[in-house]
Amino acid sequence: MRKYFLIITSSIVLFLILGAAIFLISRSLSFQFFGEIYPNVVTSKKVIALTFDDGPSVKTDSILKILEDNKVKATFFLNGNKIENNFKETQRIVLSGNEIGNHSYSHNRLLFKSKRHIKDQIVRTDSLIRLAGYSHPIHFRPPYGKKFLMLPLYLKSDNRKTIMWDIDPESYADIASDSDKIADYVVQNSKNGSIILLHVMFREPSLKSVAVIIKKLKEEGYEFKTVSELLEFNE
Ligand SMILES: [Zn+2]
0 MRKYFLIITS SIVLFLILGA AIFLISRSLS FQFFGEIYPN VVTSKKVIAL
50 TFDDGPSVKT DSILKILEDN KVKATFFLNG NKIENNFKET QRIVLSGNEI
100 GNHSYSHNRL LFKSKRHIKD QIVRTDSLIR LAGYSHPIHF RPPYGKKFLM
150 LPLYLKSDNR KTIMWDIDPE SYADIASDSD KIADYVVQNS KNGSIILLHV
200 MFREPSLKSV AVIIKKLKEE GYEFKTVSEL LEFNE
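In numbering that gives the first Met the number 0, the protein residues as written are 0 to 234.
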């Protein structure tokens, strides 16, 4: 009896440890089992990247205008299903000269999905980005930043980089709803080679914070780069 109790208890403990390990690895910004992953780049230069996830949406023209007015380029990680619904907006992002990345087709967690499903999510979105006229390399950012085994394995086989972030002001509830607090957080936490994550397509405070972030970081001597440009600085 005692033996069975020990076996069951240790199985539960092992199961919990394994679950915790998978959880931590799946959300890590800097580790995955296969391929290259970047939460930022390592550089002594004052360079930084703005990245905008999800969309496009009706906010596309607003964010493009802010970038144009401030003479800055950013990187948009777009979803295939949103591209289909906002195709003209996607074309305007292409024409604006900003970078476009792939953020999956339907924005579901690609944690324990089959290779076939993952490939379909990525290839469909790539095709739509190409259809909109984009001709540069397309990096990938996992929906919710979640990945485990099959996604990194597929990305490595496709010679793709996983782009994460190191500045995420929206993950703090007391900051996310206030554009001044978002800007302050970004400015205080940015460092050389940082990748800033904002959801400007759907979050008004985040959209409002962008002009302030650009102004203040420029005053500190930072130059804004697209993700591909930033990767060139990795030392
Ligand atoms: Zn997303």
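A virtual CB, placed ideally from N, CA and C, is assigned to each residue, including glycine.
*Sorry if obvious, but does the Cβ on Pro168 come closer than 7 Å to a heavy atom of ligand 1?*
Checking every heavy atom of ligand 1 against the Cβ of Pro168, none is found closer than 7 Å.
*Mind listing which residues have their beta carbon within less than 6 Å of any non-hydrogen atom of ligand 1? Chain order is fine.*
Any residue whose Cβ sits closer than 6 Å to a heavy atom of ligand 1 makes the list: Asp52, Asp53, His102, His106 and Pro142.
*Which whole runs of the beta strand (DSSP E) in the segment 165 to 227 are 3 residues long or more, in chain order?*
Secondary structure remark: continuous beta strand (DSSP E) runs of at least 3 residues inside the segment 165 to 227, in chain order: 194 to 197 and 222 to 224.
*For Ala48, which of helix, strand or coil comes out of DSSP?*
Correct three-state label for Ala48: strand.
*Note the first and the last residue of the continuous alpha helix (DSSP H) segment covering Leu23.*
Per DSSP, Leu23 belongs to the alpha helix (DSSP H) from Arg1 to Ser25.
*asked:* Classify Phe22: buried if its beta carbon has 16 or more other beta carbons within 10 angstroms, exposed otherwise.
replied: Taking all protein chains shown into account, Phe22 has fewer than 16 neighbouring C-beta atoms within 10 Å of its C-beta and is therefore exposed.
*Cβ neighbours of Pro38 in the same chain (closer than 8 Å, five flanking residues each side left out)*: Listed in chain order, the non-local C-beta contacts of Pro38 below 8 Å within the same chain comprise Leu28, Ser29, Met163, Trp164, Asp165 and Ile194, local neighbours out to five positions each way being set aside.
*From what residue to what residue does the beta strand (DSSP E) around Phe75 run?*
Thr74 to Leu77 is the span of the beta strand (DSSP E), which, as asked, contains Phe75.
*Under 8 Å between the Cβ atoms of Leu77 and Gly96?*
No. Outside cutoff.
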